[in-house]
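Residue numbers (my numbering): 5 to 359.
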Ligand SMILES: Nc1ncnc2c1ncn2[C@@H]1O[C@H](COP(=O)(O)OP(=O)(O)OP(=O)(O)O)[C@@H](O)[C@H]1O
Ligand SMILES: [Mg+2]
């Protein structure tokens, strides 16, 4: 198993910094997901690791070997890296077997060994018996499995995935997440996986690297990223968040611009600072009668949407609308007065964003 180290990586296109000082270690056998909005540098990072892009500065190491640095770069075919892309990039005029065998033939592997390895890998990806099938007669999900088989048959030290499931329908996408994860764990191949789908990232990742404009915003397990976002960007990009403008009145007490006094667990902001409070829709308790406890707030029901497993509830609090989510769903009547309760520990504070 191989460790991948990305060390102070910078990549420019002309004067534009697509990757701006990114450092990241992927431990042997680990699956790390790069998550972030379009254009934040996920694919570029992956392409640098693959050797498809020269690096501007910094270096990339696979195990003990420096494969990219300003003094030189090992070509992609010498890196023992497998790649799986969004477009399956399977060869349409070849059978499944030939698609998977292609890389082995290039390496002049012995025929009988090719037979063995291709069949073993097809079985691994759930395509046993499909060898002689025309690629064009496979579904999208099956084609993506061929692409996966083609990558792992070469026994790479590292697997790179770039949005491999984006072309599949929602059900299949969900199913393939588990398959890829299970296979990656079984084979123990160190993997870097790019997606902009936060649920996919949470399901599949050992750790998530959240990227924003070429920089790392936060690295952590799925729960850390969701529960304790390092920045306002992270809090808003992963999951839903209500944002309320406020001022710090005392350590652990804030006052919203609507005049609501709230207790919060964060105490390191200076008294008088302008802050934004963020909390998630499912973190707010909703009650018909005034409950006891801290941060009990009066509100009025504006709109309710039944979403099956939960209800989306919009309430009016002073001048603001808050979005709440109730699971199991409870369909509060419109116009009803309700009581909300927000635990101090669920309120995250960030410096007020300049608007
Ligand atoms: N060859 C290139 N020449 C110039 N700019 C580039 C090149 N490749 C990427 N970029 C720019 O670098 C930035 C990062 O691109 P990248 O493809 O890494 O984004 P991404 O995070 O993968 O986005 P997406 O989710 O849309 O795939 C973008 O602003 C992109 O326009
Ligand atoms: Mg991309």
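Glycine included, each C-beta is placed from N, C-alpha and C at the ideal position.
Practice item. Kindly provide the ranges of any alpha helix (DSSP H) runs that are 4 or more residues long and lie completely inside the stretch 70-112, ordered along the chain. Key: 100-110
Practice item. May I ask whether a heavy atom of ligand 3 can be found less than 8 angstroms away from the beta carbon of residue 166? Key: The model on display carries ligand 1 and ligand 2 but not ligand 3.
Exercise for review: Give a single yes or no on whether residue 45 has its beta carbon closer than 8 angstroms to a heavy atom of ligand 1.
Suggested key: yes
Practice item. Label residue 335 either buried or exposed according to how many other C-beta atoms from any shown protein chain fall within 10 Å of its C-beta, with 16 as the threshold for buried. Key: exposed
Review point. Around the C-beta of residue 326, are 16 or more other C-beta atoms found within 10 angstroms, so that it is buried, or is it exposed?
Key: buried
Review point. Using a beta-carbon distance below 9 angstroms, is residue 52 in contact with chain B?
Key: No chain B is part of this structure, which consists of one protein chain only.
Review point. Taking one C-beta from the stretch 181-195 and one from the stretch 217-233 each time, how about it: are there three or more such pairs within less than 8 angstroms?
Key: no
Review point. Ends of the beta strand (DSSP E) at residue 195?
Key: 194-199
Review point. Is it right to say residue 103 is buried, meaning 16 or more other beta carbons lie within 10 angstroms of its own, or is it exposed?
Key: buried
**Study point:** Close beta carbons around residue 94, own chain, < 8 angstroms, minus the five adjacent residues each side
**Key:** 103, 139, 147, 150, 151 and 154
Check your understanding: In terms of residue numbering, what span does the beta strand (DSSP E) encompassing residue 342 cover?
Key -> 341-346
Review point. Leaving out the 5 sequence neighbours to the left and right, which residues in its chain are closer than 7 angstroms to residue 446 when beta-carbon positions are compared?
Key: Past the boundaries of the shown model lies residue 446; the chain is included only from 5 to 359, so the question cannot be answered.
Exercise for review: Select from 69, 197, 73 and 117 the residue whose C-alpha is nearest the C-alpha of residue 83.
Suggested key: 69
Check your understanding: When you compare only the Cα positions, how much space is there between residue 310 and residue 318?
Key -> 12 angstroms
Review point. What is the DSSP secondary structure of residue 245, counted as helix, strand or coil?
Key: coil
**Study point:** Straight-line Cα distance separating residue 96 from residue 80
**Key:** 24 angstroms
Point to revise | C-alpha gap between residue 341 and residue 323, whole angstroms | key: 15 angstroms
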